[in-house]
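Numbering (the UniProt record's numbering), first residue to last: 1 to 332. C-beta atoms are modelled at their ideal positions from N, C-alpha and C, and glycine is treated no differently. Have a look at the structure below before the remarks.
Structure (structure tokens):
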């Protein structure tokens, strides 16, 4: 059985969607050349995370300036052509070509892509994750079920039906991929939903660079007895997308950041990978770049870790006789 190489890509969203897609293709191609089988890109990588943006909104009032900024943000979001009311992947509308682009990258490189996106449906935006198989194209999609704090100003609430884990075979190994986006990872029943589906590779794209986040990733690895990939962006004041500049929005024009010394780091990343026993497999990544780990036998390592603690379906720590988990619209 060939080994399985997992990679996280810690890069910032570019100024335009086209530039970000080009970056994604370049980094995926480079990762493929080193033997990567699966690559994870951060939360809102396509479309952009609105870090520091207020969209000029206060409770009870929105302004023309904020609406203009929202439109700029909406313009950079992706349209996958999904017409299912819950976003379950009915791709029968034209979209903007992003879906075809991602499927082409996966097919050409042979790498399974997991990509954080901001998806537009009509005028509404959803923070999500797409799973792109080299052979099957987009085989799954998550929409964040609870945007955090001020994210709710610009992001809709996703359907819990999208919490379906994705089963596939990568490098000859059977994988069950589950994704929780940013602070969804602090929702106990959402984590339980992924554990119940026997997720063995748990993907956590985020915008959280706090030291406490790394502890959260370790806890999930131990709790779920799964590999955990936490992936963040590395962002400076020079790499913020244009829509994220509130000064520009107030002025009603685009403000370009001039390259100069003293670049301010707004998010230094901290991407990590843990094994099913909570062992940190690489040092946390700070700065721009990629980190990778090799898994020799996924099934064996997960089963061994679950000998004394198994919260999966039918597992002795799930206590199915005592606890019942129901998720609206999702068969577990």
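Contact belief for residue i with residue j at Cβ below 8 Å, rounded distance in angstroms
i: residue 82; j: residue 90; result: 6 Å
i: residue 166; j: residue 140; result: 4 Å
i: residue 327; j: residue 163; result: 6 Å
i: residue 353; j: residue 86; result: Outside the displayed range of the chain (1 to 332) lies residue 353, so it cannot be described from this structure.
i: residue 102; j: residue 130; result: 7 Å
i: residue 74; j: residue 125; result: 6 Å
i: residue 235; j: residue 266; result: 5 Å
i: residue 244; j: residue 66; result: At roughly 13 Å, the Cβ-Cβ gap does not stay under 8 Å, so residue 244 and residue 66 are not in contact.
i: residue 175; j: residue 55; result: Contact doesn't hold; Cβ gap of about 38 Å is too wide.
i: residue 334; j: residue 276; result: Because the chain in this structure spans residues 1 to 332, residue 334 falls outside the shown range and cannot be described.
CB of residue i within 8 Å of CB of residue j, strictly
i: residue 157; j: residue 146; result: yes
i: residue 298; j: residue 4; result: yes
i: residue 77; j: residue 35; result: no
i: residue 186; j: residue 224; result: no
i: residue 170; j: residue 142; result: no
i: residue 368; j: residue 9; result: Look at the range of the chain in this structure, 1 to 332, and you will see that residue 368 is not part of it.
i: residue 332; j: residue 161; result: no
i: residue 118; j: residue 25; result: no
i: residue 7; j: residue 212; result: no
i: residue 98; j: residue 241; result: no
i: residue 221; j: residue 325; result: no
i: residue 341; j: residue 57; result: The chain is shown from 1 up to 332; residue 341 falls before or after that span and cannot be answered.
i: residue 172; j: residue 2; result: yes
i: residue 313; j: residue 197; result: yes
i: residue 206; j: residue 42; result: yes
i: residue 274; j: residue 218; result: yes
i: residue 318; j: residue 311; result: yes
i: residue 303; j: residue 214; result: no
i: residue 307; j: residue 31; result: no
Three-way DSSP call (helix, strand, coil) for residue i in this model
i: residue 9; result: strand
i: residue 27; result: helix
i: residue 291; result: strand
i: residue 254; result: Confidence at residue 254 is low in this model, with a pLDDT of 49, below 50, so its placement is unreliable and no value can be given for it.
i: residue 20; result: helix
i: residue 271; result: strand
i: residue 224; result: helix
i: residue 236; result: strand
i: residue 59; result: coil
i: residue 230; result: strand
i: residue 46; result: strand
i: residue 40; result: strand
i: residue 332; result: coil
i: residue 286; result: strand
i: residue 4; result: strand
i: residue 325; result: coil
i: residue 298; result: helix
i: residue 248; result: Only weak support is given to the placement of residue 248: the predicted model assigns it a pLDDT of 46, under 50, and the value that follows is read from those uncertain coordinates. Of the three classes helix, strand and coil, the one that applies to residue 248 here is helix, per DSSP.
i: residue 316; result: coil
Entirely enclosed alpha helix (DSSP H) segments - the region 127-208, minimum 4 residues: 188-196
Mind pulling the beta strand (DSSP E) runs of 3 or more residues that sit fully within the region 73-128? Note on the region 73-128: whole beta strand (DSSP E) runs with a minimum of 3 residues are 112-121, in chain order.
Indicate whether the contact test is met: 3 or more Cβ pairs, each with one atom in the region 274-287 and one in the region 98-111, closer than 8 Å. no
Three or more C-beta pairs closer than 8 Å, one from the region 221-232 and one from the region 196-203: is that the case here? Contact annotation: the region 221-232 touches the region 196-203, with at least three C-beta pairs closer than 8 Å.
Counting Cβ pairs closer than 8 Å, one from the region 39-59 and one from the region 8-25, do we hit at least three? Counting Cβ pairs under 8 Å, three or more are found: they touch.
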